[in-house]
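A short write-up of the structure that comes next.
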Amino acid sequence: MSIKTIAGVNVDVNDEGYMTDASQWNKDVAAGIAAEEGVELTDTHFELMDWIREKVATGDTLTLRGIGKSGVVDAKQFYKMYPGAPLKKATKIAGVPKPTSCI
Amino acid sequence: MEKEKKMPLKKIMLICSKGSIEDVYAALVMGNGAVMEGIETKMFFTFFGLDAITKKTMDSLHTSTVGNPAMRMPGGLAFPTMLGGLPGVEAGVSKMMRKQMDDLDIPPVSEFLELITAGGGEIYACKLAMDMFKLTKKDLSDEVSDVITVGDLYEMCDGEGVQIVFT
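Protein chains in written order, with this note's numbering: chain W, 1 to 103; chain E, 1 to 167.
Given below as structure tokens:
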């Protein structure tokens, strides 16, 4: 656990760089993390981030399938938006914990 | 002492040779997981594993209710082998299992294959097994890239940080 300054805000992050306090998140912080992850954010990214944050807030498990059915993007678009490891990057940028699901 | 260098997995070839729910899903979950980690993923279906990529059978796979000591009744009671052999029991149990998986957001096989290819994973069928079961490319899911030989398979596994997993 450590404190990191992203976009001028001090945020608590864990060893892997995931934010541990969702209330410290804002769009500038998201953009800061996205830059580190090599992701360029678009309106769709932010729309999906809202959906992800809402899901996590209600205690639901995030899955690739769930995101594909979110109505915001399908699985193919999701992979394009976050090249490499989509679910890990998307959650990191959205300021929510790393997903624990296997699918 | 020199610190050991990390060698991340870059590419994986998963071979699925069986057609029961548990065997197919083990391969699919590992394949999809690899794609989600950004690992170059290829899957090769052979023998009874072809059922998992054959349009007619892929979404109605069965699990075996006989000769499976881990099979339990709902609630944990032992499942008598004699009962497992009765007509319709295997179909019923399999249906129930698929339903339980769906409740956990585990997709049906056809959709799982779509998720894997959506992330750039590749699905292949074994030529020899196709000939044996008298199947053609048309019988297979649209997500299947190609029908290949074992030689093609090994050629695909070139490079550093590659693993072949047989399930």
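All residues carry an ideal CB built from backbone N, CA and C; glycine is no exception. Because the structure is a prediction, the values reported are computed rather than measured.
Taking the CB atoms as reference points, tell me whether M58/E and C16/E lie closer together than 9 Å. Not in contact: M58/E and C16/E (Cβ atoms no closer than 9 Å).
Whole-Å CB distance - L140/E paired with I53/E, under 8 Å assumed: Yes, L140/E and I53/E are in contact; Cβ-Cβ is about 5 Å, under 8 Å.
I'd like the ranges of any beta strand (DSSP E) spanning at least 3 consecutive residues and lying wholly in the stretch 10-97 of chain E. Runs found: 11-16, 40-45.
So, do the stretch 57-68 of chain W and the stretch 93-102 of chain W have three or more beta carbon pairs nearer to each other than 8 Å? The stretch 57-68 of chain W, when compared against the stretch 93-102 of chain W, does touch it at the 8 Å Cβ threshold.
Strand pairing of N10/W, partner residues [DSSP]: Assignment of beta-bridge partners to N10/W by DSSP yields T5/W.
Could one say the Cβ of E22/E lies closer than 9 Å to chain W's Cβ atoms, at least one of them? Chain W contact via Cβ: absent.
Taking contact to mean 3 or more Cβ pairs, one atom from each stretch, closer than 8 Å, check whether the stretch 28-39 of chain E and the stretch 118-133 of chain E are in contact. Three or more pairs of CB atoms, one per stretch, sit closer than 8 Å, so the stretch 28-39 of chain E contacts the stretch 118-133 of chain E.
Apart from the five residues on each side of it in sequence, which residues of its chain come closer than 7 Å, Cβ to Cβ, to A7/W? Cβ within range, chain order: D28, V29, A31, G32.
D146/E - containing beta strand (DSSP E), residue span: Annotation for D146/E: the continuous beta strand (DSSP E) segment containing it runs 144-148.
Cβ of I106/E within 9 Å of any chain W Cβ: True, the Cβ-Cβ gap to chain W drops below 9 Å.
Ends of the beta strand (DSSP E) at I106/E? Per DSSP, I106/E belongs to no beta strand (DSSP E) and is neither H nor E.
Identity of the residue in D21/W, P83/W, N10/W, M1/W nearest D45/W by Cα: According to the sequence shown, residue 45/W is His rather than Asp. Nearest of D21/W, P83/W, N10/W, M1/W to H45/W, Cα basis: P83/W.
By the 10 Å Cβ neighbour count, where 16 or more other Cβ atoms means buried, how is F112/E classified, buried or exposed? With 16 or more Cβ atoms within 10 Å of its Cβ, F112/E is classed as buried.
Tell me which same chain residues have a C-beta within less than 8 Å of the C-beta of K3/E, skipping the five on either side of it? Result list for K3/E: empty, nothing under 8 Å.
With a threshold of 16 other CB atoms inside 10 Å of the CB of N32/E, please say whether the residue is buried or exposed. N32/E comes out buried.
DSSP three-state call for F166/E: helix, strand or coil? DSSP places F166/E in the strand class (E or B) of the three-state scheme.
The alpha helix (DSSP H) with I169/E in it runs from where to where? Because chain E is modelled from 1 through 167, residue 169/E falls outside the range shown and cannot be assessed.
For K137/E, count neighbouring C-beta atoms within 10 Å of its own C-beta (all shown protein chains included) and say buried if the count is 16 or more, exposed if not. Note on K137/E: under 16 other CB atoms within 10 angstroms of its CB, so exposed under the neighbour-count rule.
Just the C-alpha distance for S101/W and A70/E, rounded to the nearest angstrom, thanks. Distance between S101/W and A70/E, taken at the CA atoms: about 24 Å.
Chain E residues whose Cβ lies nearer than 8 Å to that of G68/W: Close partners of G68/W in chain E (Cβ separation under 8 Å): L115, A118.
With distances taken from CA atoms, which of T46/E, F79/E, S94/E is nearest H62/E? If we check each option's Cα against that of H62/E, S94/E comes out closest.
Counting only beta-carbon separations shorter than 9 Å, does R65/W have a partner in chain E? Yes - at least one Cβ of chain E is within 9 Å of the one on R65/W.
Could you tell me whether the Cβ atoms of E36/W and G17/W are closer together than 9 Å? Yes.
Quick one: using the 10 Å Cβ neighbour count with 16 as the cut-off for buried, is K80/W buried or exposed? It counts as exposed.
Do K55/W and G66/W have their C-beta atoms closer together than 9 Å? Less than 9 Å separates the beta-carbon of K55/W from that of G66/W.
Mapping the DSSP letters down to three states, classify L140/E as helix, strand or coil. Taken through DSSP and simplified to helix, strand or coil, L140/E comes out as strand.
Quickly, what does DSSP pair M132/E with across the bridge? List them, please. None; M132/E has no bridge partner.
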